[in-house]
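End of the sequence shown = 174 in our numbering, gap-free, step of one. Note that beta-carbon positions come from the ideal geometry of N, C-alpha and C, so glycine has one too. So the structure is just underneath, and the comments pick up after that.
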Amino acid sequence: MSSGHVEALRGLLAAQPIAALGTLHGGAPYVSMTPFATVPGRGFAIHVSGLAAHTKDMLENPAVSLLVIQWPNPAVSPQAAARCTIRGTARRCGESDPDHAAARQAYLARFPDTEPMFGFGDFSLFLIAPEAGRLVGGFAQARSLRGEEVLEALAATA
């Protein structure tokens, strides 16, 4: 991946704190919203309630996708919005998980006001390991990404 693509992906992920989260719900596609943080070299951290359908979905089938899109500008065509879709595998990242401290730290660095929710019994930290992606820098500017390339861009954010 070129340095320009790394910078474009890094910039998009740094600027946008919310992603659409795609899961399988009873075998059918299901999309919800989730705040996310990047965890260098590991993937994406999300902190979700066990009451949410997407949490149950991830526990049943860990195949997920994230869509991060540049905040819309009414003066620009929606087709020109930068966006990235990440396909990956989600896993619960409990306190005994070796990645828990890094994932929690990254999440709280981005969303410090959510710290009390880490004490809620129904909330869990999940880590999404990227397997592939598609970066669209704007109209007619698309590139497929390997999971390793996504991790490279995340490492560059450290």
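Asked, Found
"Determine the contact status of R58 and A118, defining contact as a CB-CB distance below 8 Å.", "yes"
"Alpha carbon to alpha carbon, how far is A174 from P56?", "In this prediction, A174 has a pLDDT of 49, which is less than 50 and means its spatial position is unreliable; what the coordinates show is noted afterwards. Each residue's Cα considered, the two are about 6 Å apart."
"Threshold first: 3 residues or longer. Then list the beta strand (DSSP E) segments lying entirely within the segment 48-87, N to C.", "53-55, 59-65 and 79-85"
"Would you decide whether P146 is buried or exposed? Buried here means 16 or more other CB atoms lie within 10 Å of its CB.", "buried"
"If we count the other Cβ atoms within 10 Å of its Cβ and call it buried at 16 or more, is I144 buried or exposed?", "buried"
"For S65, collect the residues of the same chain with a Cβ closer than 7 Å to its Cβ; drop the 5 residues on either side in sequence, then sort them by chain order.", "T71, D138 and F139"
"Tell me the DSSP secondary structure of E131 in three-state form.", "helix"
"Report the three-state DSSP secondary structure of A125 (helix, strand or coil).", "helix"
"Going by other Cβ atoms of all chains shown within 10 Å of its Cβ, with 16 needed for buried, is P33 buried or exposed?", "exposed"
"Where G153 and C109 are concerned, what is the direct C-alpha to C-alpha distance, given to the nearest angstrom?", "31 Å"
"According to the neighbour-count rule (16 or more other Cβ atoms, all chains shown, within 10 Å of its Cβ), is A69 buried or exposed?", "exposed"
"Using the three-state DSSP reduction, which class does A174 fall into: helix, strand or coil?", "Here the model assigns A174 a pLDDT of 49, short of 50, so the residue's position is not dependable, and the following value carries that caveat. In the structure shown, A174 sits in coil (DSSP, three-state: anything other than H, G, I, E or B)."
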